[in-house]
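Here is the structure we will look at.
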Amino acid sequence: MPLRLLRFALSRRHPEPRMFTERDKLGKTYDVVIIGGGGHGLAAAYYLAKNHGITNVCVLEKNYLGGGNTGRNTTIVRSNYLTPEGVAFYDRSLKLFEDLSQDFDLNLFYSTRGHFTLAHTDSAMRTMRWRAEVNKHLGIESEVVGRDFIKRMVPEMDLECSGHSPIQGALYHKPGAVARHDAVAWGYGRGADMRGVEIFQKTEVTGIDVENGKVKGVGTSRGYISTRKVLCAVAGSTPRITKMVGIRTPIVIQPLQACVTEPIKPWLDTIIVSGSLHVYVSQSDRGELVMGASVDPYEIHSTRSTLDFTEGLCAHMLDMFPFLSNTKVNRQWAGMADMTPDFAPIMGKTPIEGFYIDAGWGTWGFKATPVSGETMSHTVANDVDHELIHTFRLSRFKELDLTGEKGAASVGH
Amino acid sequence: MKLLTCPINGTRPLQEFTWGGEYRVMPDPDQVSDEEWADYVFNRNGAPGIKKEWWHHTASGIWFIAERDTERDVVLRTYLYSGKDE
Ligand SMILES: Cc1cc2nc3c(=O)[nH]c(=O)nc-3n(C[C@H](O)[C@H](O)[C@H](O)COP(=O)(O)OP(=O)(O)OC[C@H]3O[C@@H](n4cnc5c(N)ncnc54)[C@H](O)[C@@H]3O)c2cc1C
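Going line by line, the protein sequences match chains Y and L. Numbered according to my numbering, the first sequence spans residues -13 to 399. Numbered according to my numbering, the second sequence spans residues 119 to 204.
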C-alpha cells in the first residue's frame, strides 16, 4: 500500500483513473445486456468476460453502481444453510469470496469472524442440530455449541437475555464473514470494465422488446439497444421488469431495514444472529455496530424507514447486551427485498428465449454475489442452466418442487 | 403509514393489524389445470400500484379490504368485504 501511495504521488496522472470508464454514448447493439448495476449484475458481466470471453456486453444501471441492496446490506457471508443444494451453492460463493481481493487487486476487507446463530428454545436447538449435521456431511465447518463456548467467545453477552428468553446454545460457523459491500460492486465493475464491458449509470431500462417469444431489444432512457440476450439482475425491482415481458413470479417486495450505532471501542469480533429475537449484529472496522432485523410485515415499493423498527431492534439488542443502553443509533436505512415463498432465489432461463433471471435474493443475496455471477454468466453464455442453480429455476413453482431453505435463511441472512 | 382505519373499530395504530396479501379471486380447483392452480397458489402481482388488499385487525379478528398505493404506502380507502368476488 505505501508503495502504491508513493507511486500515486509521483504520477503525472491526477487523479488516478476512476474505478471504471464513464461512457456517454450507448452502443446500438450488444451480445448481452445486463439490467442492474448491483453486485450480481456486475459479477455476471465480469465472469462473462473473464470465463467466457464475451465482452460485447453492457450493464445498465438506472441509478449509481451498488446503490441498490448491494450498498444497503449488512454483508454477512456464510454457507451453513439447510438443504444440500443450498449448502453447495453458498459454499462455492464463500470460496470465491476468499480469493476475491487477490483476484481484483482491491482490498474488500473480507473478514472471517465466526458466526453464531443463537437458539433460545428446544425447537431452535433441534433445527441447529439438523443444520450442523447437513453441513458437516457436506464438509462445512459448522457445529452446535453450548453456553460455555458462547460465554468464552462473547463474554459481553447476557446469556439469560434479561430473563426473557435464555440462550440454550448456538450453531457456530467458523468461516462466517463480513466484507465491504461497495468494494465488491466496484471490484467486479472495474474488472469487467478492464475487459471491455461497458457500464452505464443513470440509464434506466423502460421496456423489453419480445417477438415470437424471443428477446429482440431493450428500450432505455438513453435510446434503443438491439440484443438477443438480457439478464435481469434488479433485486427489488424485479416485478417491474418481469411485467415488461409478461412473466409471472411469486416475488413480493418487502422492505428490509438496517441501522448502525455511533462508533465505539472494538468489543465484538464475531457475528451474532438470533432468529427468536429478530436481531443480527456485527461490529464494523470503524467500530459501528451494524444491526438488522426481519423484513417489514407487508409489501412496500420504497426505501422508507421507520421508528418502529429501531425501537424493536434496540429492545432486543438490550436483551442480549444491556451495557449498550447509552449507545446512540447514528443512521438507518432500508432496501427493497425481493422475497420468495421458499426463501431461495429464482435463477436461470425463463419461458422467453434470451431472457435470463437472477432474482429472489430477498435478505440473503449479498453472500451469493460471486457464485451467482459465475453461474449466471455460464447460463447466459451457453443458454443452459448451470448445474448449481437447477434447484432455483423459475419452473420449480409450477412443478411443485420448492426448496426448503426457510429454516436457514429467514432472519439469519 | 402509521395508522389504519378498520371499518368496524375505527382508526388504530398499524401494529394492531396484519397484512393478508393482495385480494385475488380463487379459481375453482376442479375446473383448472395443475399449472393454473400452481399459478394461483404461488405467483403474485409483485409490481407497484394501487392494490386491493386483505388486512386483519388482530385484536378483534375483523378481516377487511384496503386500497393502498404500495409505492407511497398510503391507504386510499378501507371497507368490509361484500362477500361477492369482484
Ligand atoms: C438491509 C439489508 C440487509 C441485508 N443483509 C444481507 C446480509 O447480511 N447478507 C446477505 O447475504 N444478504 C443481505 N441482504 C440481501 C442483499 O443485499 C441482496 O440480496 C443483494 O445485494 C442483491 O444484489 P443485486 O445485485 O441482485 O441487487 P441490487 O444491489 O439491488 O442491484 C440492482 C440494481 O438494479 C437497478 N435497477 C432497478 N431497476 C432498473 C431498471 N429498470 N433499469 C436499470 N437499472 C435498474 C437498481 O438501481 C439497483 O442498483 C440484505 C439486504 C438488505 C436490504
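The C-beta atom is built at its ideal place from N, Cα and C for all residues, glycine as well.
Measuring C-alpha to C-alpha distances from Y:V170 to each of Y:T41, Y:T113, Y:F95 and Y:V231 identifies Y:F95 as the nearest.
Residue contact check for Y:K384 against chain L: a CB pair falls below 7 angstroms. By the criterion of a C-beta distance shorter than 7 angstroms, L:A177 is surrounded in its chain by E134, once the five residues flanking it on both sides are discounted. Non-local C-beta neighbours of L:L198 in its own chain, meaning closer than 6 angstroms and more than five positions away in sequence, comprise P125 and F182, ordered along the chain.
Note that the C-beta distance between Y:E274 and Y:V238 is not below 7 angstroms. Beta-carbon to beta-carbon, Y:T69 and Y:G390 are separated by about 6 angstroms, close enough to satisfy the 8 angstroms threshold. Rounded to the nearest whole angstrom, the CA to CA distance from Y:R379 to Y:I332 is 6 angstroms. By the Cβ neighbour-count rule, Y:V204 is buried, with 16 or more other Cβ atoms within 10 Å of its own. With respect to Y:W347, Y:A221 sits close: the two C-beta atoms are nearer than 7 angstroms. What L:A156 touches in chain Y, judged by beta-carbon distance under 7 angstroms, is F383, K384 and L386, going in chain order.
Of the candidates L:T196, L:N161 and L:R195, L:N161 places its Cα closest to the Cα of Y:M325. Rounded to whole angstroms, Y:S97 and Y:R166 show a C-alpha spacing of 9 angstroms. Using a CB distance below 7 angstroms, the part of the stretch 226 to 245 of chain Y facing chain L consists of R226, K229, R234, T235, P236, I237, V238 and I239, ordered along the chain.
Bridge pairing for Y:I258: Y:F102 and Y:V267 [DSSP].
For the pair Y:D387 and Y:N59, the Cα-to-Cα distance works out to about 29 angstroms. In summary, the residues of the stretch 258 to 286 of chain Y whose CB is separated from some CB of chain L by less than 9 angstroms are P283, Y284, E285 and I286, in the order they occur in the chain. At a threshold of 6 angstroms, Y:H302 does not count as near ligand 1, since its beta carbon sits no closer than that to any of the ligand's heavy atoms. Beta-carbon to beta-carbon, Y:I211 and Y:L12 are separated by about 6 angstroms, close enough to satisfy the 8 angstroms threshold. Straight through space, the alpha carbons of L:W137 and L:K169 are spaced by roughly 12 angstroms.
Scanning its chain for C-beta atoms nearer than 6 angstroms, with the 5 sequence neighbours on each side dropped, one finds around L:K120 the residues L132, in chain order.
Counting the other CB atoms within 10 Å of its CB gives Y:M143 a total of 16 or more, which places it among the buried residues. Using a C-beta cut-off of 8 angstroms, the stretch 178 to 191 of chain Y makes no contact with the stretch 284 to 292 of chain Y, since fewer than three inter-stretch Cβ pairs fall below that distance. Of all residues in the stretch 319 to 330 of chain Y, those with a C-beta nearer than 7 angstroms to a C-beta of chain L are P327, reading in chain order.
Here DSSP, grouped into helix, strand and coil, assigns Y:M180 to helix.
Between ligand 1 and the CB of Y:V191, the shortest heavy atom gap is smaller than 6 angstroms.
In chain order, V220 place their CB closer than 8 angstroms to the CB of Y:R226, counting only its own chain and leaving out the 5 sequence neighbours on each side.
Counting every other CB atom within 10 Å of its CB across the protein chains shown gives Y:L(-8) a total below 16, marking it as exposed. Following the DSSP letters along the chain, one finds Y:C147 in no beta strand (DSSP E), marked with neither H nor E.
Chain order gives the chain Y residues near L:E153 as K384, where near means a beta carbon separation below 9 angstroms.
Per DSSP, Y:R208 has no beta-bridge partner at all. Secondary structure of Y:S311 (DSSP, three-state): helix. Rounded to the nearest angstrom, the gap between the Cα atoms of Y:S128 and Y:F102 is 10 angstroms. With a cut-off of 6 angstroms, the C-beta of Y:F95 is classified as distant from ligand 1, since no heavy atom of the ligand falls inside that distance.
For Y:N49, the CB falls within less than 6 angstroms of some heavy atom of ligand 1. With a threshold of 6 angstroms, the Cβ atom of Y:N59 counts as near ligand 1, since some heavy atom of the ligand is closer than that. Remark: C-beta atoms of Y:G173 and Y:L92 approach each other more closely than 7 angstroms.
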